[in-house]
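Student: Protein chains in written order, with our numbering: chain E, 188 to 396; chain B, 188 to 396; chain A, 2 to 326; chain R, 2 to 326. Questions regarding the structure given below will be posed in turn.
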Amino acid sequence: MQLTVEALQRWIINTNEKMQENKEYLSELDQAIGDGDHGHNMARGFQEVVNKIEDNSFEEAGSLFKQVAMTLISKVGGAAGPLYGTAFLKASEQWKEKTTIDQETFGKGIEAAIAGIKTRGKAKEGDKTMLDVWGPVHTYVTNQPLERENLKKTAKEAMEKTKEMKAKKGRAAYFGEKSIEHVDPGAYSSYLVFEALAGSITNEGDANG
Amino acid sequence: MQLTVEALQRWIINTNEKMQENKEYLSELDQAIGDGDHGHNMARGFQEVVNKIEDNSFEEAGSLFKQVAMTLISKVGGAAGPLYGTAFLKASEQWKEKTTIDQETFGKGIEAAIAGIKTRGKAKEGDKTMLDVWGPVHTYVTNQPLERENLKKTAKEAMEKTKEMKAKKGRAAYFGEKSIEHVDPGAYSSYLVFEALAGSITNEGDANG
Amino acid sequence: MRRPKVDMKKLINHPEHVVDEMLEGIIAAHPEKLKRLSGLNVIVRKEAPIKGKVGLVSGGGSGHEPAHAGFVEEYMLDAAVAGEVFTSPTPDQILEAIKAVDGGKGVLLIVKNYSGDVMNFDMAAEMAQAEGIEVEQVIVRDDIAVDNKEDRRGVAGTIFVHKIAGAAASEGKSLKEVSQIAQKTAENIWSMGVSLSPCIVPASGKPGFTLNDNEIEIGTGIHGEQGIERQWFKQADQLAEEMINNLLNEMEFTPGEEAAVITNGLGSTPLMELYIVHRKVAELLERKQIQLQKSFVGEYMTSLEMAGCSITVLKLDDQLKSYLN
Amino acid sequence: MRRPKVDMKKLINHPEHVVDEMLEGIIAAHPEKLKRLSGLNVIVRKEAPIKGKVGLVSGGGSGHEPAHAGFVEEYMLDAAVAGEVFTSPTPDQILEAIKAVDGGKGVLLIVKNYSGDVMNFDMAAEMAQAEGIEVEQVIVRDDIAVDNKEDRRGVAGTIFVHKIAGAAASEGKSLKEVSQIAQKTAENIWSMGVSLSPCIVPASGKPGFTLNDNEIEIGTGIHGEQGIERQWFKQADQLAEEMINNLLNEMEFTPGEEAAVITNGLGSTPLMELYIVHRKVAELLERKQIQLQKSFVGEYMTSLEMAGCSITVLKLDDQLKSYLN
Ligand SMILES: Nc1ncnc2c1ncn2[C@@H]1O[C@H](COP(=O)(O)OP(=O)(O)O)[C@@H](O)[C@H]1O
Ligand SMILES: Nc1ncnc2c1ncn2[C@@H]1O[C@H](COP(=O)(O)OP(=O)(O)O)[C@@H](O)[C@H]1O
Ligand SMILES: [Mg+2]
Ligand SMILES: [Mg+2]
Ligand SMILES: [Mg+2]
Ligand SMILES: [Mg+2]
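This is the structure:
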């Protein structure tokens, strides 16, 4: 698999579309065990990202993702802003000066992103956060050939599993036991991120149009 | 007709009963074209009057009504407090040192009361206030023998007539044309005052038990 | 556990005790600066009576908090008399307030123009005068929702009178002077209110009126009553514009003149929204070349938990301006 | 005229503009003392940066007004950063606030303990340090509704930190000293909230939860969220007693000790009711022989138009007391 800069840029644009479509739903998820703004935060942030990157062509992936990261950091706010921002910032360091990214490099980016999320948020997998999607996706990416449907399935199942978890970080943690039976909104938005990625690769593992 | 001090005291006690019974209704009338407190004001004031006079026997009417007036002034508040208070205070001056009151003296008391209400409130008959009951009652008292049913009828008809009037004084005046089609709450409470009086005299015009 | 029937969701104990308990709460909160006259619903500055200073007394029904007890402090009122909720206080209570603040220089009563308030304060003034205390009154009639000028109600603009008369009194001015300054202030205030939802008087337990989701009441007073006119709901800017236009129509401003404004919350409107309204107010005044010298944005004269706001404009001259700062 | 469909009855123009327009309104109201950093949601004291004084920055989501921009003034904050409604502000904005108030003595950030706030302020602190500005942070965790002490949210008690750190900074204390005093304050605050009705975030247009007439939420935060426990509605005295008992359980007071209290309205609860609650609070503290040295009753940290209140107790020592007065 090789992801070109264009494919990566498409990934981000697809992600924004998904955030806009799911804005209300994400906020509803957040209403149940948080403060009801997650969809609005993500939609605001990714819209701004797309405004910034849309008309530019990036020579290499590092500067693309640095732009994505900085925009998310300055536009999302809440918990999601610094977390997604840090994630993409750390990934961008791994993808610096790459014009195409192979699966291994991609995996390294995700790994760095996860490390960033963990340092920033002091959460671990199982705490019912976005990490519970990023973790399984990373495992999948490092162990199996990247394939559209399987990627989606992995992200989706991981997201769904957060339903059973008791929240230990973020606002949902205030709800304690009451957080069970609700999908974590950040997990859902992360699922959307990887669903969008799946939409940007072909079944053969190459970037498609 | 002769009203003894006991009959007059009973008048006031009956009035209190009527105010308690009609507390909510009076406040509802006031809600429509005022601020919804008239029933509570009157009930609070007359309850206190009765607490004060109940266990006392008064030698003469003047001190009884002075007590009634001062209590209303200090317990009713709003517009009704000073008006009813002034009314009974002025009446008490006419009834000073009387152990029984004949119809003429009674009429003089009501006349003084009306003068007091007018001085205090700067309203005139037709302004859709309590005066529109006190006025007709005064006319009746000075022109016809005081008789239970007729007294009631006079007060009631006068009260009902306020429905057609446009308010020119008090809070109802703020409603202008919109005050039409509503009975004036102060007119209603005044009707209750005279209904209570009717309940304290016999058909023959003498005080009954 | 039994499911309780609840008449109204208010942080109170018994509807009949709200005023008394509120006053106790005020004293519990500020014992260093306030006292309550024993057995009365009168809050007085601890230092009162202050020799050589005109005493300032205001009051009215309760339910308008912080008015008026919240303005009993240095440079403002010396005493506030609290009636029952939305009901004028009685003359005996007002009289005691007058006596408690008279430092020998007389007392000014600041009265909102409601039949009840005017009559009760009148009676109290007569009683005080009979006892040899010099008393003056200023009647505030700032609410332009009422057409006839003489009948206009006193609403949030009253706070300007408290502030300016309070500052003048603190300077040691005579009763006549303080009263003239207060009167001038009262003649230069115009207010208008709008409500988005009614409030519930504890004693009745029911809202004073009902409004649909898309309706508002323009020209509402501060007693939970209906407004003068029912309109469709509109956005903050449009509402502010209509209110300011109405106010400016009444006031005859000439470009370059100075003004102060109170953008006042009626009870449950968030401060965020008051600032959004105030933004437009300031912009419109600037457009008319009126210099906004001083703004007060917040809750000054409320109507329990009514939603909505009022806008008050005070036309300033140098004297009023100096006392406002 | 067409009958308009109205999503929510708020004095706003467009949900997406509420924060911007609110900030414009704040500046329109107080141009003599406040400025807004151009293009940013940051309100700064006009005099900032003040040489020789530690700069104080706080902030958080909007919708808590007067927190935090309302506390930007002498002896309090030097700057406040406003996020979207109930959403932490972003690091770039916080960074600009830090830069705007650094008078060479460093900057203290006062942060409420929410993941979002903590992370955004952390990032801003890192950026500022990278630019050579000394930065310290104090994290406020006063809400006892959350069991785990580390996870406790920052609520109305934050105001005590603003006040005390503000007073210490005004004295010219060093960043380390101000930060220690702020930290000590934060460690001696306990708060608890109750809500009687939810609020509506402009962007969503819907209430965060629903409550029946006879239900209340105990342990509510300040973001329109549900409380920790749903209970039957109860009278003010009983509610105050339960809240105070919970607070005192956490605090380990010994008789004779001194305290300060904030009885804080969450948005639409009338001041009358807050005083009724405060009355009981004061009575209960007295019964436990805790000396109530200072009370704040009103709206300090709100949750838009949520009905309800919170009670904050600050345990005082001589130092904290001296800075509070
Ligand atoms: N400490 C943390 N570590 C990892 N993820 C977190 C953490 N705190 C919150 N999150 C994620 O952020 C999501 C909430 O984001 P959002 O609603 O935008 O912010 P906020 O909680 O500040 O309102 C949660 O659903 C969770 O997935
Ligand atoms: N100026 C006045 N002159 C005569 N009666 C008046 C005047 N103002 C008000 N009233 C009477 O008082 C009644 C209202 O009393 P109440 O509701 O107790 O006082 P408030 O209007 O202060 O709430 C009115 O219905 C009217 O009959
Ligand atoms: Mg959220
Ligand atoms: Mg009335
Ligand atoms: Mg009344
Ligand atoms: Mg949030």
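The beta carbon of each residue, even a glycine, is placed where N, CA and C say it ideally should be. Here the structure is a predicted model, which is why all the values come from computation and not from measurement.
State the start and end residues of the unbroken alpha helix (DSSP H) segment that holds E:Met-229.
Tutor: Taken as a continuous stretch (DSSP letters only), the alpha helix (DSSP H) holding E:Met-229 covers 225 to 240.
Student: Just the chain E side, please: which residues come within less than 9 Å of R:His-224 by C-beta, in chain order?
Tutor: Ordered by position in chain E, the residues that pass the 9 Å Cβ test against R:His-224 are Gly-221, Asp-222, Gly-223, Asp-224 and Arg-358.
Student: So, for E:Glu-391: in the same chain, excluding its five sequence neighbours on each side, which residues have a beta-carbon less than 7 Å away from its beta-carbon?
Tutor: Any answer about E:Glu-391 is weak, because its pLDDT of 49 lies below 50 and its placement is not dependable; what the coordinates show is given next. So the list is empty, once near-sequence residues are dropped.
Student: Can you tell me where the beta strand (DSSP E) with R:Lys-113 in it begins and where it stops?
Tutor: Its beta strand (DSSP E) spans residues 108 to 113.
Student: Within 10 angstroms of the Cβ of A:Arg-153, are there 16 or more other Cβ atoms? Answer buried if so, exposed if not.
Tutor: Counting Cβ neighbours within 10 Å, A:Arg-153 comes out buried, since at least 16 surround it.
Student: Under 8 Å: do the region 266 to 277 of chain E and the region 290 to 308 of chain E share three or more Cβ pairs, one atom per stretch?
Tutor: Short answer: they touch.
Student: Since B:Gly-264 and A:Thr-91 are thought to touch, with beta carbons under 8 Å apart, how far apart are those beta carbons, to the nearest angstrom?
Tutor: Contact flag correct, Cβ pair sits at about 5 Å.
Student: DSSP has R:Pro-208 in a bridge; who is on the other side?
Tutor: R:Ile-201.
Student: Using 8 Å as the threshold, is the C-beta distance between R:Ile-111 and R:Ala-166 below it?
Tutor: Taking 8 Å as the Cβ cut-off, R:Ile-111 and R:Ala-166 qualify as a contacting pair.
Student: If you draw a straight line from the C-alpha of R:Met-77 to the C-alpha of A:Gly-62, how long is it?
Tutor: Cα to Cα, R:Met-77 sits roughly 35 Å from A:Gly-62.
Student: Work out the CA separation of R:Lys-47 and R:Glu-33 for me, nearest whole Å.
Tutor: When rounded, the distance between both Cα atoms is 7 Å.
Student: Flag this pair as yes or no: are the beta carbons of B:Gly-308 and B:Leu-270 separated by less than 8 Å?
Tutor: Yes, the Cβ-Cβ distance between B:Gly-308 and B:Leu-270 is below 8 Å.
Student: State yes or no: is the C-beta of A:Lys-11 within less than 8 Å of the C-beta of R:Glu-274?
Tutor: Yes, these two residues count as a Cβ contact at 8 Å.
Student: Under a three-way DSSP split, which group does R:Leu-38 fall into?
Tutor: Of the three classes helix, strand and coil, the one that applies to R:Leu-38 here is coil, per DSSP.
Student: Please report the distance separating the alpha-carbon of A:Ser-43 from that of A:Glu-22.
Tutor: At residue 43 of chain A the sequence reads Val, which differs from the Ser that was named. Each residue's alpha carbon lies about 13 Å from the other.
Student: Does A:Thr-264 come out as helix, strand or coil in the three-state DSSP assignment?
Tutor: Of the three classes helix, strand and coil, the one that applies to A:Thr-264 here is strand, per DSSP.
Student: Should the region 125 to 139 of chain A be called in touch with the region 95 to 103 of chain A, which here means at least 3 C-beta pairs below 8 Å?
Tutor: They touch, by the three-pair rule.
Student: Could you tell me whether any Cβ in chain B is nearer than 8 Å to the Cβ of A:Asn-14?
Tutor: Closer than 8 Å: no.
Student: Can you tell me which of E:Gly-363, E:Glu-347, E:Glu-382 and E:Met-346 puts its alpha carbon nearest to the alpha carbon of E:Ala-354?
Tutor: Of E:Gly-363, E:Glu-347, E:Glu-382 and E:Met-346, the residue nearest in Cα terms is E:Gly-363.
Student: What residues in the region 280 to 314 of chain E bring their beta carbon closer than 8 Å to a beta carbon of chain R?
Tutor: Result list: Arg-307 and Gly-308.
Student: Any beta carbon from chain B within less than 8 Å of A:Met-124's own beta carbon?
Tutor: Yes, its Cβ sits closer than 8 Å to a Cβ of chain B.
Student: List the whole-angstrom C-beta distance separating R:Ile-201 from R:Met-9, where the pair is believed to meet the contact cut-off of C-beta under 8 Å.
Tutor: With 8 Å as the limit, R:Ile-201 and R:Met-9 qualify as a contact, their Cβ atoms being about 5 Å apart.
Student: Give the residues from the region 26 to 47 of chain A that approach chain R closer than 8 Å (Cβ to any Cβ), ordered along the chain.
Tutor: Answer in chain order: Gly-26, Ile-27, Ala-29, Ala-30 and His-31.
Student: Measure the C-alpha to C-alpha separation of R:Ala-308 and A:Leu-285 and round it to an integer number of angstroms.
Tutor: Between R:Ala-308 and A:Leu-285, the C-alpha separation is close to 32 Å.
Student: Does the beta carbon of B:Gly-373 sit closer than 8 Å to a beta carbon anywhere in chain A?
Tutor: Cβ-Cβ to chain A under 8 Å: no for B:Gly-373.
Student: With a threshold of 8 Å, are at least 3 pairs of Cβ atoms found where one atom belongs to the region 225 to 233 of chain E and the other to the region 244 to 253 of chain E?
Tutor: Short answer: they don't touch.
Student: Measuring alpha carbon to alpha carbon, tell me which of E:Trp-198, E:Ser-214 and E:Glu-347 ends up nearest E:Met-229.
Tutor: Measuring from the Cα of E:Met-229, the nearest candidate turns out to be E:Ser-214.
Student: Mind listing the chain R neighbours of A:Glu-274? Cutoff is C-beta to C-beta under 7 Å, in chain order.
Tutor: Lys-11, Leu-12 and Ile-13, listed in chain order.
Student: Leaving out the 5 sequence neighbours to the left and right, which residues in its chain are closer than 8 Å to R:Thr-270 when beta-carbon positions are compared?
Tutor: Excluding positions up to five away in sequence, the list reads Leu-197, Ala-308, Gly-309 and Cys-310.
Student: Residues in the same chain with beta-carbon distance under 7 Å from E:Leu-287, minus the five sequence neighbours each way, listed in chain order, please.
Tutor: Checking the displayed sequence, the identity of residue 287 of chain E turns out to be Thr instead of Leu. Around E:Thr-287: Gln-189, Leu-190 and Thr-191.
Student: Can you give the Cα-Cα distance for A:Thr-88 and A:Gly-117, rounded to whole angstroms?
Tutor: Going by the C-alpha atoms only, they are around 8 Å apart.
Student: Rounded to whole angstroms, how far is the Cβ of R:Ala-81 from the Cβ of R:Pro-50, which I believe are closer than 8 Å?
Tutor: The Cβ separation is near 15 Å, so there is no contact.
Student: Are the CB atoms of R:Ser-304 and R:Leu-267 nearer to each other than 8 Å?
Tutor: Yes, these two residues count as a Cβ contact at 8 Å.
Student: Just to check, is the beta-carbon of B:Asp-224 closer than 7 Å to a non-hydrogen atom of ligand 4?
Tutor: Correct: B:Asp-224 has its Cβ closer than 7 Å to ligand 4.
Student: For the beta strand (DSSP E) containing B:Trp-321, name the first residue and the last one.
Tutor: No beta strand (DSSP E) contains B:Trp-321, which is instead part of the alpha helix (DSSP H) from 318 to 330.
Student: Check whether the Cβ of E:Asp-393 lies closer than 8 Å to any Cβ atom in chain R.
Tutor: In this predicted model, E:Asp-393 has a pLDDT of only 46, less than 50, meaning its place in the structure is not dependable; the value taken from the coordinates is given anyway. Taking Cβ atoms only, chain R never reaches closer than 8 Å to E:Asp-393, which makes this a no.
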